[in-house]
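Numbering follows UniProt numbering, in which position 170 of the sequence shown is assigned residue number 170; successive positions increment by one, without gaps.
Every residue gets a Cβ at the ideal spot worked out from N, C-alpha and C, and that includes glycine.
Working notes for the structure below.
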Amino acid sequence: MRKQIETSRLTLRPLQMTDLESMVCLANDLRVSANLSRMPHPYTHADGTEWLGKQADLWAGGKDYVYAITDRDGEFMGAMGLHWMDRMTLDDSFAWELGYWLGFPHWGKGYATEAGQAVLAAAIADLDVTVFVAGFATTNTQSGHVLEKLGFYKRDAILDLPVLATGQVSPTQVMRRDVAEHERRPRS
Numbered sequence: 001m002r003k004q005i006e007t008s009r010l011t012l013r014p015l016q017m018t019d020l021e022s023m024v025c026l027a028n029d030l031r032v033s034a035n036l037s038r039m040p041h042p043y044t045h046a047d048g049t050e051w052l053g054k055q056a057d058l059w060a061g062g063k064d065y066v067y068a069i070t071d072r073d074g075e076f077m078g079a080m081g082l083h084w085m086d087r088m089t090l091d092d093s094f095a096w097e098l099g100y101w102l103g104f105p106h107w108g109k110g111y112a113t114e115a116g117q118a119v120l121a122a123a124i125a126d127l128d129v130t131v132f133v134a135g136f137a138t139t140n141t142q143s144g145h146v147l148e149k150l151g152f153y154k155r156d157a158i159l160d161l162p163v164l165a166t167g168q169v170s171p172t173q174v175m176r177r178d179v180a181e182h183e184r185r186p187r188s
């Protein structure tokens with residue numbers, strides 16, 4: 001998978017330790033972490049150091065590709081990545097899972113959609129991906145809209161996933177994007 005992706009407003013690149021301060025500042029916000037199953041709250045420097053420390057090895061292993069989302073000036077805004085699902089999806093196929101988060105100051109500006117379009121296109125070209133899956137907390141309708149804009153469609157399944165930040169269970173809508181089917185759809 002390519003190491004850097006440029007869009008009109010964003011640069012997506014592998015995470016690095018220099019992202020720690022900005023990442024902790026943005027991630028230590030319950031508006032962010034309450035929508036993610038595996039992000040703790042409060043989000044500490046120790047959490048960030050541990051997570052960032054794993055990223056290079058995961059990337060090298062070829063089953064996790066997480067990008068820092070930055071503006072063109074290099075300001076860290078969040079992260080987006082692909083994770084190989086080494087267990088089967090709901091219909092017994094294998095897929096790459098798309099996941100992302102943005103710091104609250106960057107919500108509602110189209111950055112997640114822009115980054116997602118670029119990451120999905122790169123994955124299709126570089127990894128020959130045929131199926132993507134994703135999920136969103138049903139209370140986070142904005143994330144659902146992002147996934148729909150990226151060509152994902154809702155599955156019948158809603159999973160109850162534990163949310164580390166709140167200690168509660170959150171209904172999570174499962175979504176899917178079949179690359180061949182998406183390419184056949186007429187563009188509006």
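Item                                                                                                                              : Value
Beta carbon of Met39 nearer than 8 Å to that of Ala56                                                                             : no
Simplified DSSP state of Asp73, which is helix, strand or coil                                                                    : coil
Contact the stretch 3-16 vs the stretch 125-137: 3+ CB pairs below 8 Å                                                            : no
Short Cβ contact (8 Å threshold) for Thr138 with Pro162                                                                           : no
Buried or exposed by the 16-neighbour rule on C-beta atoms within 10 Å, applied to Leu98                                          : buried
Contacts around Leu147, its chain only, beta-carbon distance under 7 Å, and the 5 residues preceding and following it disregarded : Ala134, Phe136, Met175
Through-space distance from Thr44 to Ala123, alpha-carbon basis                                                                   : 31 Å
Where Met23 sits in the DSSP three-state scheme                                                                                   : helix
Own chain residues within Cβ distance below 7 Å of Arg155, not counting five before or after                                      : Leu90, Val174, Met175, Arg176
Assigned secondary structure, Pro162 (DSSP; H/G/I helix, E/B strand, else coil)                                                   : strand
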